[in-house]
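Colleague: Protein chains in written order, with the working numbering: chain H, 86 to 421; chain X, 86 to 421.
Glycine included, each C-beta is placed from N, C-alpha and C at the ideal position.
Since the model is a prediction, treat every value here as computed from it, not as a measurement.
Shown below is the structure under consideration.
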C-alpha cells in the first residue's frame, strides 16, 4: 500500500471531481468527506467511493451541482429533496440551515430524501460540535442486515452519530447498527480471510464464516436483538419522516445506475451546555481490563489516526490508488 | 407467584400511594407506569419500585405533588427542574408541554433534571405514538456499566426508546445500553443461578458468572465497544443539556435517601408521516433462522403480554406482592 501525502491525495481527488463536472466548492466538500474517513482509518467510507461517484455522474443518476431543495414545513423542521445531489453537499447545506435555525429555536431538524451517499456521519458531528452545538445524525442504507432471528438482509446498516462540545474539546461517536460493515466482509473475501463466527449469514440464511459467501448473504445487527431493534427503529423513523424507500427497496449507494432513495436525518440542538470534559478525563484514567491497554474514548483513535495521516501521509489500498490514478489520467486526456 | 387481577393490583397500588400523600391524578399515573411495566414482563421496572418510592416520600427526598418547574429557554426547548417530583408526573407534564409545542414548531425537546425514576421509557413512547407523533426518549442512571475495556461501573444503563405511528398502529422500541439489567443480576443472585459469560465483572473488575459477585461489580455494555459508545454519548448529551450529575456521582433511583440527580431527555417530532406498517408486515412474514420460531417486531411481545395480563391477571413475584400487602395494611391502620 502506498503512503500518499494528504496534499497529493487531495489534489488527485479534486482533479477527478472537477473533470466529472463538479463545481470547485462542491468538489472540496466531497473530497474532504472522503479524505477524512480515509485518514481516520475508515477506508470503506473513503476514496474507494470516488470512482463510483464519477460513474454515477456520468450515468446521470447524480447531479454534481445541486445542494437540494429546502422546504420548511414548520419553524423547526426542514424537509430536503436532495435532487440526487452529492451527499455532503446536500447534507452540509441542510445542516447549515438547521444550525442557523437552532440558534433561535433551540432545536431544529432536517429530514433528507434523494441525496447521494452522505459518507461517514461523524464528519458532520465533528463539525457541528466544533461550532459549539450538538448533532444527532442518522442515515439509512441498502438492506444488508438481517433482522434478529431472520435469514435475509432486510434492514440497512443504519448508523447513528452524536457530536457535542465537552467544554474543552469535542466528543464524537459514530457507529453503524450492523456488527461489521459490508466493506469489511468484502475486504475479508478479497484477502481470503475467514470471518469470526456470528457475524454473517450466507445466501440461504445459514451462519457462515466464509466471507465470499457472506457477500451474497446478510450481516448481523450488533448486539443481537437490541441492535436489531435500534437499526429497525432508525429505519422506520427516517422513512416515516422522509417518505424514502425502506428495506430491500433502498438503492443507489452501492451501484452506479439507480437513483439514491435512502433517508438521512439531522437534529441540531443549540443550548448552553454544562461541561463534561472532566468525566472523559476520569474515564481515560480508569484501570484497563485484562486484554486492554487503556479505556478508550470513542472517536479519539480516529482523530489521532487523522493527525498522523496529515503529518506522515495516508496508507491507501493499492487497488484504490491505481484506480484514482487511472481516473486522473483520463481527466487529463479529456482536458487536453 | 400469585396471579393477581390487574384491577386488584391497581387498587392496592392506589391505596399505598394515596396513603403516602400522593394526590389522586399523580397516583394514577405512577400506578399506570409501574403496572404497565409489570404487565409487559419488565418486573425490574414494575411494582417492586413502589415500596422504595414510599420510603423516599417518607424520607423527604421525593415530593409527591410537584410536576416540576418549566422554563422555555427557546421556542423548541423546555428545561425542566423536576424538583424531586414523581418521575412519570414530571415526565408526562414535560411531554404534554413539548407535544403541544411540537404541533406548531414541528420539533420540541424537554431536558429534565431532578426528577425521580421515570420508569420504562417505552411507556411514554407508546403514548406519544398513539397520539400520532414521534418520540425519542433517553434517560441516565446510576453507574452500573463498565466502559468497554474498563474494570469498574462508570456509566449508567442509559436507555433509549423510540415510538412512532406506523399508519396502522404504533411501533415502539425501548432498550438499555447495558447487556442486561442490574435487576436481572439480582434475580440470578437470589435464585442462585449463574450468569452467562461476558455479562458482568466482579468488584475487582474480573469477568464473573457468579451473580452474587456481579452485584458489587459492573455489567457490560451491550454489543461491546459500540454499545459503550452509545451509552456514553447519551450520558454526555443528557448531562450537558441538563447540568445533572454524571458517572458515579449519579444517585437516587436505587436508594431511599439521596435526591435524584440523573437526567432525562425527550424529543417530540410532529410531522405528516409516511406509513411504514407494510414493512413491519414484510418482516413478520420473513422465514425464521435456525433456533427461532419467528421474526419478531420489537415491542410486540410486551404488548401481547400486557393484553393477556389484563385478561388473565398479572404474575407478581411473591416478595413484591407480600410487601405491597404489608404496605397497604399499614395504610389502612394509619387511616383508622
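(1) Quick check on residue 194 of chain X - is its C-beta less than 7 Å from some C-beta in chain H?
(2) I'd like the list of long-range same chain contacts for residue 87 of chain X, defined as Cβ closer than 8 Å, with 5 residues on each side in sequence excluded.
(3) Strictly below 9 Å CB to CB, what residues from chain X border residue 169 of chain H?
(4) Hey, quick one: how far does the alpha helix (DSSP H) through residue 260 of chain X stretch, first residue to last?
(5) Please classify residue 387 of chain H: does DSSP put it in a helix, a strand, or coil?
(6) Secondary structure at residue 97 of chain H, three-state DSSP: helix, strand or coil?
(7) So residue 106 of chain H and residue 149 of chain H are supposed to be a Cβ contact under 8 Å. How far apart are they, rounded?
(8) Does the beta carbon of residue 267 of chain H sit closer than 7 Å to a beta carbon anywhere in chain X?
(9) Between the Cα of residue 367 of chain H and those of H/196, H/355 and H/381, spot the shortest distance and give me the residue it belongs to.
(10) Between the Cα of residue 308 of chain X and those of X/321, X/341 and X/260, spot the shortest distance and give me the residue it belongs to.
(11) Should residue 353 of chain H be listed as close to the ligand ATP, given that the test is whether its C-beta is under 6 Å from any heavy atom?
(12) Within 10 angstroms of its Cβ, does residue 111 of chain X collect 16 or more other Cβ (buried), or is it exposed?
(13) For my contact list, residue 146 of chain H and residue 342 of chain H are in at a C-beta cut-off of 8 Å; report their separation, rounded to the angstrom.
(14) Taking C-alpha atoms, which residue in H/377, H/191 and H/387 lies nearest to residue 355 of chain H?
(15) Report the option in H/297, H/163, H/115 and H/213 whose CA atom is closest to the CA atom of residue 193 of chain H.
(16) I'd like the list of long-range same chain contacts for residue 214 of chain X, defined as Cβ closer than 8 Å, with 5 residues on each side in sequence excluded.
(17) Check whether chain X comes within 7 Å of residue 249 of chain H, counting only Cβ atoms and requiring the distance to be less than that.
(18) If we cut at 7 Å on Cβ distances, does residue 201 of chain X have a partner in chain H?
(19) What in chain H is Cβ-close to residue 324 of chain X, meaning under 7 Å?
(20) If you pair each beta-carbon of the stretch 362-379 of chain X with each one of the stretch 231-245 of chain X, do three or more pairs fall below 8 Å?
(21) Just verifying my parser: in three-state terms, what is the DSSP assignment at residue 195 of chain X?
(22) Measure the C-alpha to C-alpha separation of residue 81 of chain X and residue 392 of chain H and round it to an integer number of angstroms.
(23) Could you check the C-alpha separation between residue 108 of chain H and residue 348 of chain H for me, to the nearest Å?
(24) What residues match up with residue 378 of chain X in a beta bridge as DSSP calls it?
(25) I need the straight-line Cα distance from residue 357 of chain X to residue 195 of chain H, nearest angstrom please.
(26) Are the Cβ atoms of residue 231 of chain H and residue 280 of chain H separated by less than 7 Å?
(27) Using a Cβ-Cβ distance under 7 Å, would residue 93 of chain X count as near chain H?
(28) How far does the beta strand (DSSP E) with residue 128 of chain X in it reach, from first residue to last?
(29) In terms of residues, what are the limits of the beta strand (DSSP E) holding residue 38 of chain X?
(30) Anything in the stretch 274-294 of chain X with a Cβ closer than 9 Å to a Cβ of chain H? List those residues in chain order, please.
(31) In chain X, which residues lie with their C-beta within 7 Å of the C-beta of residue 138 of chain H?
(32) For chain X, is any of its Cβ atoms less than 7 Å away from the one on residue 160 of chain H?
Modeller: Reading from the atomic positions:
(1) yes
(2) 400, 401, 403 and 406
(3) Near residue 169 of chain H there are no residues of chain X at all, since even the closest Cβ is about 19 Å away, more than 9 Å.
(4) Unbroken run through residue 260 of chain X is the beta strand (DSSP E), 255-260; no alpha helix (DSSP H).
(5) helix
(6) helix
(7) 5 Å
(8) no
(9) H/381
(10) X/260
(11) As for the ligand ATP, it is missing from this structure, which has no ligand bound.
(12) buried
(13) 6 Å
(14) H/191
(15) H/163
(16) 220, 248, 249, 250, 255, 256 and 257
(17) yes
(18) no
(19) 359 and 361
(20) no
(21) strand
(22) One cannot answer for residue 81 of chain X here, as it falls past the ends of chain X, which runs 86 to 421.
(23) 24 Å
(24) Residue 378 of chain X is not bridged to any residue.
(25) 14 Å
(26) no
(27) no
(28) Segment: none, residue 128 of chain X is in no beta strand (DSSP E) and carries neither H nor E.
(29) Absent from the model: residue 38 of chain X. The displayed extent of chain X is 86 to 421, so no value can be given.
(30) 286, 290, 291 and 292
(31) Ordered by position in chain X, no residue passes the 7 Å Cβ test against residue 138 of chain H, which lies about 28 Å from the chain.
(32) yes
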